[in-house]
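What follows is a short report on a single structure.
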Amino acid sequence: MKNQIHPELVSLHALRSFDNSTGEWGDALDPHFSKFPCECCGSHLGGDRFDCEALGLVKRGGRQTLHKLGEFAVCPDCLVKWQ
Ligand SMILES: [Zn+2]
Numbered sequence: 053m054k055n056q057i058h059p060e061l062v063s064l065h066a067l068r069s070f071d072n073s074t075g076e077w078g079d080a081l082d083p084h085f086s087k088f089p090c091e092c093c094g095s096h097l098g099g100d101r102f103d104c105e106a107l108g109l110v111k112r113g114g115r116q117t118l119h120k121l122g123e124f125a126v127c128p129d130c131l132v133k134w135q
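Using this note's numbering, you'd call the opening residue of the sequence shown number 53 and step up by one each time.
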């Protein structure tokens, strides 16, 4: 499937976010508003974003293995699509 994170993206997993105002860890599925494009589909519509850890297949030493690709802010559609 097409995405802007990685050609061999496998899945996205929502991360718990730390709330500085309460000093507590928030719910993983607690979105935040952003006017920046979704880092997965590139949607330019402002809206909810979820902080996710992305996993993808990376070729190392001739073998493809699952690696953490990093953290990305994605829209709700992408989170559902890449679960
Ligand atoms: Zn998206």
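Backbone N, C-alpha and C fix where the C-beta goes; we use that ideal spot for every residue, glycine too. Fair warning: this is a prediction, and the values are worked out from it, not measured in the lab.
(request) Give every residue of the same chain whose Cβ lies closer than 7 Å to the Cβ of L131, excluding the five residues on either side of it in the sequence, and list them in chain order. (result) Apart from the 5 residues on each side of it in sequence, L131 sits with its Cβ closer than 7 Å to the Cβ of L64, A66, F102 and C104 in its chain, given in chain order.
(message) Using C-beta distances below 8 Å, list every residue in its chain close to E123, excluding the 5 sequence neighbours before and after it, in chain order.
(response) So the list reads L67, D103, C104, E105 and A106, once near-sequence residues are dropped.
(message) I'd like to confirm the pairing. Which residues does DSSP put opposite Q116 in its beta bridges?
(response) When beta bridges are read from the DSSP output, Q116 appears opposite K111.
(message) In this structure, how does DSSP classify C104 when only helix, strand and coil are distinguished?
(response) Assignment of C104 by DSSP, reduced to helix, strand and coil, places it in the strand class.
(message) So if I measure from each beta-carbon to every heavy atom of ligand 1 and keep distances below 6 Å, which residues remain?
(response) Cβ atoms closer than 6 Å to ligand 1 belong to C90, C92, C93, S95, V126, C127, D129 and C130.
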